Amino acid sequence: MSKKCFIKNYATSAISIRILLGIFSALKIVCTRFYRSLFLNCKTSYLHQLWEQYWNLVMTFPCNSFVLELDDAVLTAIIRQSTAKRISEKRVTYLVDKLTKLANQSYCEVKKTSPMMEEIKYYAGELLRLSEYRQGVLEEMVTLAQPLPEYEILLSIPGITETTATSIIGELGDIRQFHSANQINALISIDLSHYESGDFLAKEHITKRGNPYAIKVLFKCIHNIASAGYTNPCHIADFYEKRKRQSQVTSTKPHTIASTHRLIRTMYYLITHNKLYDYTSTQNR
């Protein structure tokens with residue numbers, strides 16, 4: 038495959054992911070609000086971590102009456118069938134008890150024969166379908182990115198996974214085309230805007246006029262690096278935690294922006310010099 042054809046295919050996949058993420062996020066918000074309006078007083082955030090299992094259960098139990106009319110044995114069987122993963126007996130028992138408790142604490146806003154029940158099932162089914170399709174596009178992007186030398190370089194940074202690495206390549210393109218890391222900052226508009234007039238000096242802030250998808254990917258990347266820093270040391274995670282300890286501000290956004298600058302400089306240096314990330318070498322500087 039020629040480089041031009043590769044870039045075209047990869048750009049198409051990246052755009053597909055953008056569109057999917059937009060539809061996916063909007064549909065998730067609509068479905069969640071819809072479900073909570075039916076399952077009033079029900080806090081189901083604990084199930085969101087299960088994702089596929091959660092939305093399968095939403096399709097099965099669009100309101101609490103569907104749960105209350107079944108015994109524990111039937112609920113156990115349904116929960117086991119709601120996921121392709123293996124699930125322990127202890128976990129199944131916990132989910133049955135939790136689901137029953139939530140059903141007893143809530144009440145349904147409409148009758149179980151209402152068309153809204155079918156609507157919530159449709160939204161949940163679409164979320165599962167889009168999730169599966171998105172995973173297929175991501176796997177295609179990984180296949181396209183694997184021959185690139187920067188792919189392995191990005192994966193060598195603790196906290197950066199295959200999905201994150203392909204997203205960075207898809208949004209920033211060939212990092213070697215930039216003359217400096219500051220040009221990347223300007224592209225995604227996390228460079229600080231400066232304004233002064235006479236004795237007045239405005240507070241500096243980012244311009245927010247750049248690529249919003251790239252900003253979102255890099256911000257998520259910083260949080261992943263910070264989480265992975267407890268087991269896989271990284272100088273970016275060290276910098277992020279140091280800024281948090283020293284700051285009097287509760288918001289983590291300023292620290293995330295500052296850490297993003299450092300991440301961009303690190304990626305630019307490693308890719309332009311064709312080096313893998315080495316934590317020990319960062320400590321000698």
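By the working numbering, the letter at position 249 of the sequence shown is numbered 286, and the numbering carries on one by one without gaps. Even for Gly, the Cβ is constructed at its ideal location relative to N, Cα and C. A quick note: this is a predicted structure, and the numbers were derived from the prediction, not measured.
One thing to note: residue 272 has its Cβ no nearer than 9 Å to the Cβ of residue 220.
Closest option to residue 315, judged by alpha-carbon separation, among 222, 194 and 224: 194. Excluding residues up to 5 positions away in sequence, 263 and 266 lie with their Cβ nearer than 8 Å to the Cβ of residue 278 in the same chain.
Taking a 10 Å sphere around the C-beta of residue 318, we find fewer than 16 other C-beta atoms and assign the residue as exposed. Sorting 111, 113, 308 and 285 by C-alpha distance to the C-alpha of residue 212 places 308 at the top. With contacts defined by Cβ atoms closer than 9 Å, residue 137 and residue 112 form a contacting pair.
A distance below 6 Å between beta-carbons, with the five flanking residues on each side excluded, links residue 199 to the following residues of its chain, in chain order: 179. The segment 90-173 is shown to contain whole alpha helix (DSSP H) runs of 4 or more residues at 101-105, 109-118 and 126-142, in chain order. Three or more beta-carbon pairs drawn from the segment 124-139 and the segment 88-105 are found closer than 8 Å, and the two stretches are therefore classed as touching.
Inter-residue distance for residue 119 and residue 261 is about 29 Å (C-alpha atoms, whole angstroms).
When the five nearest sequence neighbours on each side are left out, the beta carbons in the same chain lying within less than 7 Å of the beta carbon of residue 92 are those of 161, 164 and 165, in order along the chain. At the C-beta level, residue 205 and residue 304 come within 9 Å of one another.
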